[in-house]
Amino acid sequence: MTQSLASSVASLGMAVDKINGIEVRNLTQAHELLHPKEMPDFFTIELFDAPRPIIIPSANVTAANERMKANGIKNLENLQD
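Using the working numbering, the letters of the sequence shown correspond one by one to residues 1267 to 1347.
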């Protein structure tokens, strides 16, 4: 898993193909897949032409969101602009 997380930096600029095995059609669907009613243990994000997926432990997401808010980022997502 560490290799997948570390390699996500090399994925900059790549497009998302699937989230947790579901093909992503648009940003609204991607948002829904990343904010499910029941959180999975991990989010697996597959990118087009990437050698391996990005794997994010769900347990880390809430803490990361709180750190962003503490650093002045009020809206964690914006699908309007």
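Beta carbons are placed, not taken as given, at the ideal position from N, Cα and C, and that holds for glycine.
A quick note: this is a predicted structure, and the numbers were derived from the prediction, not measured.
Per DSSP, cross-strand counterpart(s) of residue i
| i | result |
| --- | --- |
| Pro1302 | In DSSP, Pro1302 forms no bridge with anything. |
| Val1282 | Leu1313 |
| Ile1320 | Ile1311 |
| Ile1288 | Ile1285 |
Local Cβ density within 10 Å of residue i, reported as buried at 16 or more and exposed below that
| i | result |
| --- | --- |
| Phe1314 | exposed |
| Ile1322 | buried |
| Pro1319 | buried |
| Ile1311 | buried |
Nearest-angstrom beta carbon gap, residue j and residue i [assumed within contact, 8 Å]
| i | j | result |
| --- | --- | --- |
| Leu1345 | Met1334 | Going by Cβ atoms, the distance from Leu1345 to Met1334 rounds to 17 Å, so no, they are not a contact pair. |
| Leu1299 | Val1290 | 7 Å |
Pair within 9 Å by beta-carbon distance, residue i and residue j
| i | j | result |
| --- | --- | --- |
| Asn1331 | Phe1309 | no |
| Asp1307 | Ala1325 | yes |
| Val1282 | Met1305 | no |
Cβ of residue i within 9 Å of any chain C Cβ
| i | result |
| --- | --- |
| Lys1340 | This model lacks chain C altogether; it includes just one protein chain. |
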